[in-house]
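Take 1 as the starting number for the sequence shown in the numbering used here and just add one per residue. Report on one structure; see the data block that follows.
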Amino acid sequence: MIGFFDSGFGGLTVLKSVVQELPEYNYLYLGDNARVPYGGRSQETVYEYTIQAANFLFKKGCLLVIIACNTVSSGALRRIQQEFLPGAYPDRKVLGVIRPSAEGLVDRRCQKVGILATEGVVKSKIYTEELEKLDPSAKIFYQACPLLVPIIEAGKQDEEHSDVVVSEYLASLFAQEGEIDMILLSCTHYPILYEAFRKHTPPHVKILTQGPIIADKLRDYLARHPETEERLSREGTRAFFSTDSPEKFNRLASVFYGKRIQSMPATLDFPD
Ligand code: DGL
Numbered sequence: 001m002i003g004f005f006d007s008g009f010g011g012l013t014v015l016k017s018v019v020q021e022l023p024e025y026n027y028l029y030l031g032d033n034a035r036v037p038y039g040g041r042s043q044e045t046v047y048e049y050t051i052q053a054a055n056f057l058f059k060k061g062c063l064l065v066i067i068a069c070n071t072v073s074s075g076a077l078r079r080i081q082q083e084f085l086p087g088a089y090p091d092r093k094v095l096g097v098i099r100p101s102a103e104g105l106v107d108r109r110c111q112k113v114g115i116l117a118t119e120g121v122v123k124s125k126i127y128t129e130e131l132e133k134l135d136p137s138a139k140i141f142y143q144a145c146p147l148l149v150p151i152i153e154a155g156k157q158d159e160e161h162s163d164v165v166v167s168e169y170l171a172s173l174f175a176q177e178g179e180i181d182m183i184l185l186s187c188t189h190y191p192i193l194y195e196a197f198r199k200h201t202p203p204h205v206k207i208l209t210q211g212p213i214i215a216d217k218l219r220d221y222l223a224r225h226p227e228t229e230e231r232l233s234r235e236g237t238r239a240f241f242s243t244d245s246p247e248k249f250n251r252l253a254s255v256f257y258g259k260r261i262q263s264m265p266a267t268l269d270f271p272d
């Protein structure tokens, strides 16, 4: 089984693309909706929450976990891979969304990239670090958008207010650099506001969402790692868990996933 983890609903935008591209595998999604947003939390807190989430997904039988959250990928992934997995689950894998997204930008020949993300991601400057390794000539400009995840988690993305907030964040981004040629929506929640981003961005500027990029890169990863791929179950099952009420999750999740979802409650603990 392949596990997906996000602080809330956002990772469903990635899972949706992955399921379209690789429908044969079994998937299990976990949203920590009770503790979202993670974007303003310390790296230590994000690391602790992520250990609990990984433990939940591994106990449910996931061999591979995709952290479908930029905030967790920037703040906790390395420590999870280097400190947690070797002792607790040496035969399991955890992958994030930053490195494959940086590769996706370089594949599309980005030069001046706008990164719209949570405060945690912006502070980490992780996209600069990753992009420097792949294409040192590319330049990154960051804009933190701390109001967006709370708006989206509350299901208020269609209210006029959210359009105003998006236009203000974009204005601040373009005030830093007028010649940005590509924008990456570097938070898995933001694709839900794609139309608003498009409306306030000059037409020649490409706006990328992460779902299709991650789906593509996961396909490559599985082809390069047959030792993992051969162990994955393939009945095409999907299961959804949320740390908040399943009713709320079921009501709002279909906007992100594109289909109705029946979720189950999840309680997160540290490993025994
Ligand atoms: N979907 C998460 C991300 O990609 C949102 C983080 C949050 O909870 O603030 O960063």
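Glycine included, each C-beta is placed from N, C-alpha and C at the ideal position. In this text the structure is predicted, and so the values were computed from the model without any measurement.
What is the DSSP secondary structure of G8, reduced to helix, strand or coil? DSSP places G8 in coil when its eight states are reduced to three.
Is N33 near the ligand DGL, in the sense that its beta carbon is under 7 Å from a heavy atom of that ligand? no
Under 8 Å between C-beta atoms of S74 and S124: yes
Grouping DSSP H, G and I as helix and E and B as strand, with all else coil, what is G155? coil
With a threshold of 8 Å, are at least 3 pairs of Cβ atoms found where one atom belongs to the stretch 203 to 211 and the other to the stretch 174 to 183? yes
Please report the residue range of the beta strand (DSSP E) in which R238 lies. Boundaries of the beta strand (DSSP E) around R238: 238 to 242.
Run the proximity test for Y121: is its beta-carbon closer than 7 Å to any non-hydrogen atom belonging to the ligand DGL? The sequence given here places Val at residue 121; Tyr does not occur at that position. Under cutoff, so the answer is yes.
K133 versus I98, Y257, Q210, P191, residue with shortest Cα-Cα distance: Looking at the Cα atoms, I98 is the closest of the given residues.
Cα-Cα, which of V165, V94, Q143 is closest to R79? V94
Is P37 near the ligand DGL, with its Cβ less than 7 Å from a heavy atom? Indeed, a heavy atom of the ligand DGL lies less than 7 Å from the Cβ.
T188 and A68: beta carbons closer than 8 Å? yes
With burial defined as no fewer than 16 other Cβ atoms inside 10 Å of the residue's Cβ, what is the status of M1: buried or exposed? buried
Pull up the distance between the alpha-carbon of G120 and that of N33, whole angstroms please. 18 Å
Nearest-angstrom beta carbon gap, R234 and N26 [assumed within contact, 8 Å]: At roughly 7 Å, the Cβ-Cβ gap stays under 8 Å, so N26 and R234 are in contact.
So, at 6 Å on beta carbons, what are the nonlocal neighbours of G61 in its own chain, with the 5 sequence-adjacent residues on each side left out? M1
Is the separation between the beta-carbon of L222 and that of E229 shorter than 8 Å? yes
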